[in-house]
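Here the structure comes first, spelled out in structure tokens, and everything after it is commentary.
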Amino acid sequence: MSTEIKKFKITIDGQTTEVMPGTSILEAARQIGGKSVPPAMCYYKPLESSGGRCRTCLVEVSKGSESDPRPMPKLVASCRTGVMDGMEVKNLTSEKTQEGRKAVTEFLLVNHPLDCPICDQAGECHLQDLGYEHGVQATRTDFERRTFEPEDIGPYIKLHMNRCILCARCVLAANQLTEEREHGILFRGDHAEISTYLNKALDNDFIGNVIDVCPVGALTDRTARFASRVWFTKPMNATCNCGKCAGKAVLWMKGDEIVRVTARKDQYDEVEDWICNECRFERKDLSQWTIEGPRHISRHSVISLNHYQKPADEHTLLNNSHAKEISTADDQRTEK
Amino acid sequence: MSKKLLLKDAHIEGIRYFDTYRKQGGYEAVEKALKMSSEEIVEAVKASGLRGRGGAGFPTGLKWSFLAKPEGVPRYLVVNADESEPGTFKDRYLMEFLPHILIEGMIISSFALGANTAYIYIRGEYSWIPDILEEAIEEARNNGFLGKNILGTGFDCEIYVQRGAGAYICGEETALLESLEGKRGNPRLKPPFPAVKGLWESPTVVNNVETIAAVVPIINIGAAEYAKIGVGKSTGTKLISACGNINKPGVYEIDMTITVEEFIYSDEYCGGIPNGKKLKACIPGGSSVPILPANLMLKTINGEPRLMNYESLSDGGFATGTMMGSGGFEVLDEDQCIVEHTMTLARFYAHESCGQCTPCREGTPWMYKILKKINSGEGRMEDIDLLWDVQRKIEGNTICPLGDAAAWPVAAAIRHFRDEFEWHINNPELAQTQNYGLAGYADPIPVPAANI
Ligand SMILES: Cc1cc2nc3c(=O)[nH]c(=O)nc-3n(C[C@H](O)[C@H](O)[C@H](O)COP(=O)(O)O)c2cc1C
Ligand code: SF4
Ligand code: SF4
Ligand code: FES
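Residue numbers (the numbering used here), protein chains in the order written: chain A, 1074 to 1409; chain B, 8 to 459.
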């Protein structure tokens, strides 16, 4: 016998949905989808206790709940604020929210160099998107940006501390994925730094995933750095037989060459399955993979440029109807 | 003469030690309280009107009544002795000279809250005080006031002292709990509040040193008597740490009916301003509360004398008022430069930001840099507006109130002393060598030498 749990009703930008108690405003917004979903630079669903830090997901709660309809006095972090029954939230429709978000974007750019033309993360950087979406390309600061002593964190991962926005995702990922605690934040304030335990290399089997969770170009793949701009590569869903992880990955291809391997991510850029270092860094030969088909890339993304070429037929291309459907639909949309 | 409750015996030689303290009636409040029920004590604290002395002034009894009481889960009392707000040093005085009043208050409070373990989290820089506290704890235990089965009532209580490593943010209650658990002192997101999930996920009350000490006189003289002292919602006595340009810096116990003017100028308290200088401004509640110019400090916007209490100090909101805060009372005479002073504070907050959230991490150093630029005569007029805008965008957008604490002093300085900012910008050469107070205050618009 199942007892029915009463769902909570929440209205975001005038659209109403019902969610389970305990759901965050952000997750409720994702349920609605579209433009009412606040951006998230530090929240990352697969990472326990993520969120709350970056403040890009701030929203205005114009009605607290049915029982206490008072508006909340301050903007709240939607990723870590639970829904109440009857809550009304303003995201796009709130000037206060937009102003707050613009402010946060500007703050993030105070110390983050806008060197997208040379940054390896260009085209995949959430801060770049955030800046564009909110019309903030610069900050009003003319002070020198913070600098750091370069730190070598091993053969696979490159740390560019001056691009780090201290979202802590990589730290949470490392804590969650590895047994030993070898990665953390040192110091305070704007002099805080991501670092490893006494300059230790990050060499755990799954540590490569910190690259995927990093929203900016602070952590990049040393085996693929500067090999290609991301929009010149073609992402393919592929699988391999791996003893360590599920072996489901995305191959970023240039012709027949695998430039980079990453985990598969959903529409909010959150990893669906963690992949191991071997899949990510070592398997760069096409014969080691079974290609499922091209990956769906949202049309608004710069990565969607130059798409889609037929994948290399000489390799085992699965008859993946889902992937086909997506690419056909994409093609139709571009034709329009 | 003001009524003294906390410091009444502070002058007695040896009051730091159990025997002397006991002779003065020490620990009688414990004896009395352990005969009451815990609910009766909570009710008494509510009826006393005691408000938290750590800064926010939240009613203590109400806070205690929020404590969750799930079966089989321990509860904790944590005393916040981090006291790192510039200008505030009243808790240090209590702990150094009257450690037993804190221990006594903690035993009563633990009993009222159903906590068998209590902690004192003390700032690392108070390096000599933990020894004093530990000695007092040992004495209390030796005399049957701590440990198992206190006074045969069946109540067990242990108190531990934990030293912080010297971070202002560890005074914020949730960062304090993280630090106490051995982690990096980053504030937690609320909810859950400590009253539901605090130390080691157990219900916890965090209170300031002075708040807990005040429980002792509440039990001794009774809630009704305590509530009679003071005025309105500012009941009982308050410790004020006074510093800056005054003749007698120190820690004073006041009842909250006296005027600010009396506090600054009477011989009983600050004893006036040295060398007969004029009062320029005050920060009455620790460095995070808004600074007010002399006229607004001494009188409210309605022309009434401003009193040293929660309501009167905040009269008019931030436009014309400030806050009681933690009672760190700083006086600035006419020679002081508000821009330089604000810059020093901004440097402190930028240094102490934990770095978790974007507006505080990036905004506080930005404010400091703009202030430094203006102070050194390298600013432009637009920088004042930029500074105003930056503080406004930090306030209210952060995880914990440190962001607000950094923004308020800057906002108030611009609001009330904009002319000083403009002076720095209009007189770059003077600003490089002199401060506004010494150079500009007597003659707000200095005439360029060439024109004389
Ligand atoms: C940045 C920051 C620092 C704080 N430092 C202290 C402190 O040193 N001592 C203190 O009692 N409260 C401090 N507080 C307030 C505490 O978070 C908390 O409100 C207080 O300890 C509660 O005690 P009370 O109710 O007895 O005032 C601080 C708050 C913030 C935001
Ligand atoms: S390195 Fe990347 S993931 Fe890690 S804290 Fe910095 S921005 Fe976040
Ligand atoms: S407001 Fe400042 S101190 Fe508080 S959590 Fe954010 S960064 Fe840390
Ligand atoms: S995504 Fe919510 S605060 Fe960062």
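Just so it is clear, CB atoms sit at the ideal spot from N, CA and C, and this is done for glycine as well.
Query raised in the report: Is it true that the stretch 393 to 410 of chain B meets the stretch 359 to 377 of chain B, where meeting means three or more beta-carbon pairs spaced less than 8 Å apart?
Result: With a cut-off of 8 Å on Cβ pairs, the stretch 393 to 410 of chain B is in contact with the stretch 359 to 377 of chain B, counting three or more such pairs.
Requested in this report: Evaluate contact between the stretch 182 to 194 of chain B and the stretch 98 to 109 of chain B, counting only Cβ atoms and requiring at least three cross-stretch pairs below 8 Å.
Outcome: no
Report task. Taking only the alpha-carbon atoms, compute the straight-line gap between Ala-220/B and Ala-36/B and give it to the nearest angstrom. Result -> Start at 1 with the first residue of the second sequence, and residue 220/B comes out as number 213. Start at 1 with the first residue of the second sequence, and residue 36/B comes out as number 29. Ala-220/B and Ala-36/B: Cα-Cα distance of roughly 11 Å.
Report task. Since I believe Arg-23/B is in contact with Phe-104/B (beta carbons under 8 Å), could you give me their beta-carbon distance rounded to a whole number of angstroms? Result -> Here the question's residue 104/B lines up with position 97 in the second sequence. Here the question's residue 23/B lines up with position 16 in the second sequence. Yes, they are in contact, since the Cβ atoms of Phe-104/B and Arg-23/B sit about 6 Å apart, within 8 Å.
Query raised in the report: Which residues in the same chain as Gln-463/B place their Cβ atom closer than 6 Å to its Cβ, once the five residues preceding and following it in sequence are excluded?
Result: There is no way to answer for residue 463/B, as the model of chain B reaches only from 8 to 459.
Query raised in the report: For a contact meaning CB atoms closer than 7 Å, what does Lys-400/B contact in chain A?
Result: Within the second sequence, numbered from 1, the residue matching residue 400/B stands at position 393. By Cβ distance, chain A contributes Ala-1176.
Query raised in the report: ligand 2 heavy atoms versus the CB of Leu-286/B: any closer than 7 Å?
Result: The sequence position of residue 286/B within the second sequence is 279, counting from 1. Checking the Cβ of Leu-286/B against ligand 2 gives no.
Query raised in the report: Alpha carbon to alpha carbon, how far is Gly-21/B from Leu-246/B?
Result: What you label residue 21/B is simply residue 14 of the second sequence in a count that begins at 1. What you label residue 246/B is simply residue 239 of the second sequence in a count that begins at 1. Rounded to the nearest angstrom, the two C-alpha atoms are 21 Å apart.
**Report entry** Chain-ordered chain A contacts of Thr-371/B [CB-CB under 8 Å]
**Finding:** Within the second sequence, numbered from 1, the residue matching residue 371/B stands at position 364. Residues of chain A passing the Cβ test: Gly-1262, Asp-1263.
Requested in this report: Over the uninterrupted alpha helix (DSSP H) stretch that includes Val-222/B, give me the two end residues.
Outcome: Residue 222/B sits at position 215 when you count from the first residue of the second sequence. Note, Val-222/B: alpha helix (DSSP H), 216 to 228.
**Report entry** Around ligand 3, Cβ to any heavy atom closer than 6 Å, ordered along the chain
**Finding:** In chain order, the residues that have a beta carbon nearer than 6 Å to some heavy atom of ligand 3 are Ile-176/B, Pro-194/B, Ser-360/B, Cys-361/B, Gly-362/B, Gln-363/B, Cys-364/B, Cys-367/B, Arg-368/B, Thr-405/B, Ile-406/B, Cys-407/B, Leu-409/B, Gly-410/B.
Requested in this report: State the start and end residues of the unbroken alpha helix (DSSP H) segment that holds Trp-71/B.
Outcome: As a position in the second sequence, residue 71/B is number 64, starting the count at 1. For Trp-71/B, the uninterrupted alpha helix (DSSP H) run begins and ends at 67 to 72, by DSSP.
Report task. Could you pull out every residue in the same chain whose Cβ sits closer than 7 Å to the Cβ of Cys-1152/A, ignoring the five residues on either side in sequence? Result -> Here residue 1152/A refers to the residue found at position 79 when the first sequence is read from its first residue. Closer than 7 Å at Cβ, skipping near neighbours: Ser-1097, Leu-1099, Ala-1113, Tyr-1116, Gly-1124, Gly-1125, Cys-1130.
Query - Burial state of His-1256/A, where buried means 16 or more other Cβ atoms lie within 10 Å - result: For the purposes of this step, residue 1256/A is taken as residue 183 along the first sequence, with counting starting at 1. It is buried - the Cβ of His-1256/A has at least 16 other Cβ atoms within 10 Å.
**Report entry** Cβ pair Lys-1169/A, Leu-1148/A closer than 8 Å
**Finding:** Counting from one through the first sequence, the residue named residue 1169/A turns up at place 96. Counting from one through the first sequence, the residue named residue 1148/A turns up at place 75. Contact flag set, yes.
Query raised in the report: Between the stretch 1117 to 1133 of chain A and chain B, which residues of the former have a C-beta closer than 7 Å to a C-beta of the latter?
Result: Cβ contacts with chain B: Gly-1125, Arg-1126, Cys-1127, Arg-1128, Leu-1131.
Query raised in the report: So, is the C-beta of Gly-386/B closer than 8 Å to a C-beta in chain A?
Result: Position 379 of the second sequence, counted from the first residue, corresponds to residue 386/B. It does not: the Cβ of Gly-386/B has no partner Cβ on chain A nearer than 8 Å.
Query - Where Leu-1292/A falls: helix, strand or coil (DSSP) - result: Counted from its first residue, the first sequence places residue 1292/A at position 219. Leu-1292/A falls in the strand class under three-state DSSP.
Query raised in the report: Quick one: which chain B residues come within Cβ less than 9 Å of Gly-1281/A?
Result: Mapped onto the first sequence, residue 1281/A falls at position 208. By Cβ distance, chain B contributes nothing, its closest Cβ being about 25 Å from Gly-1281/A, past 9 Å.
Query raised in the report: Hey, how far is the Cα of Glu-1345/A from the Cα of Val-1323/A?
Result: In the first sequence, counting from the first residue as 1, residue 1345/A sits at position 272. In the first sequence, counting from the first residue as 1, residue 1323/A sits at position 250. Their Cα atoms are separated by approximately 11 Å.
Query raised in the report: So the alpha helix (DSSP H) Asn-1184/A belongs to, where does it begin and stop?
Result: As a position in the first sequence, residue 1184/A is number 111, starting the count at 1. Residues 1168 to 1184.
Query raised in the report: For chain A, is any of its Cβ atoms less than 8 Å away from the one on His-358/B?
Result: Translated into positions along the second sequence, residue 358/B becomes position 351. Closer than 8 Å: yes.
Query raised in the report: Among Gly-112/B, Glu-90/B, Leu-12/B, which one has its Cα closest to the Cα of Glu-179/B?
Result: The residue labelled residue 179/B in the question sits at position 172 within the second sequence. Nearest option by C-alpha distance: Glu-90/B.
Requested in this report: Establish whether the CB of Lys-190/B and some CB of chain A are separated by less than 8 Å.
Outcome: If you number the second sequence from 1, residue 190/B lands on position 183. With 8 Å as the cut-off, Lys-190/B does not count as an interface residue toward chain A.
Requested in this report: Verify the contact flag: Ala-40/B, CB atom, against every heavy atom of ligand 2, threshold strictly below 7 Å.
Outcome: Here the question's residue 40/B lines up with position 33 in the second sequence. No, since every heavy atom of ligand 2 falls outside the 7 Å radius drawn around the Cβ of Ala-40/B.
Report task. Just the chain A side, please: which residues come within less than 8 Å of Cys-364/B by C-beta, in chain order? Result -> Looking up residue 364/B in the second sequence gives position 357. By Cβ distance, chain A contributes Gly-1125, Arg-1126, Cys-1127, Arg-1128.
Requested in this report: Give the straight-line distance between the Cα atoms of Asn-1310/A and Ile-1376/A, rounded to the nearest whole angstrom.
Outcome: Residue 1310/A sits at position 237 when you count from the first residue of the first sequence. Residue 1376/A sits at position 303 when you count from the first residue of the first sequence. Cα to Cα, the separation comes out at about 15 Å.
Query raised in the report: When you check each C-beta in the stretch 1210 to 1226 of chain A against every C-beta of chain B, which residues fall closer than 7 Å?
Result: Arg-1213, Thr-1214, Phe-1216
Query raised in the report: How many angstroms separate the CA atom of Ile-78/B from the CA atom of Thr-211/B?
Result: Indexing the second sequence from 1 puts residue 78/B at position 71. Indexing the second sequence from 1 puts residue 211/B at position 204. A small fix is needed here, since residue 78/B is Glu in this sequence, not Ile. Roughly 14 Å between the two C-alpha positions.
Query - Per-residue burial, Glu-1161/A [other beta carbons within 10 Å of its own, 16 or more giving buried] - result: Taking the first residue of the first sequence as position 1, residue 1161/A is located at position 88. By the 10 Å Cβ count, Glu-1161/A comes out buried.
Query raised in the report: Looking at C-alpha atoms only, which residue of Asn-1277/A, Val-1289/A, Gly-1328/A is the closest neighbour of Ser-1301/A?
Result: Translated into positions along the first sequence, residue 1301/A becomes position 228. When only C-alpha atoms are compared, the closest one is Gly-1328/A.
Requested in this report: Kindly list, in the order they appear in chain B, the residues whose Cβ is closer than 7 Å to that of Leu-1239/A.
Outcome: By 1-based counting over the first sequence, the position of residue 1239/A is 166. Simply Gly-362, Arg-368.
Requested in this report: Check the Cβ-Cβ distances between Ile-226/B and every residue of chain A, and say whether any is below 8 Å.
Outcome: Locating residue 226/B in the second sequence gives position 219, where the first residue counts as 1. Ile-226/B does not count as touching chain A.
Query raised in the report: Are any of the Cβ atoms in chain A nearer than 8 Å to that of Gln-439/B?
Result: Sequence index remark: in the second sequence, residue 439/B carries index 432 (1-based). With 8 Å as the cut-off, Gln-439/B does not count as an interface residue toward chain A.
Query raised in the report: Taking 8 Å as the CB-CB cut-off, is Gly-1320/A touching chain B?
Result: Start at 1 with the first residue of the first sequence, and residue 1320/A comes out as number 247. Judged by the 8 Å Cβ criterion, Gly-1320/A is not in contact with chain B.
Requested in this report: Specify the secondary structure class of Asp-262/B as computed by DSSP and reduced to three states.
Outcome: If you number the second sequence from 1, residue 262/B lands on position 255. Strand at Asp-262/B.
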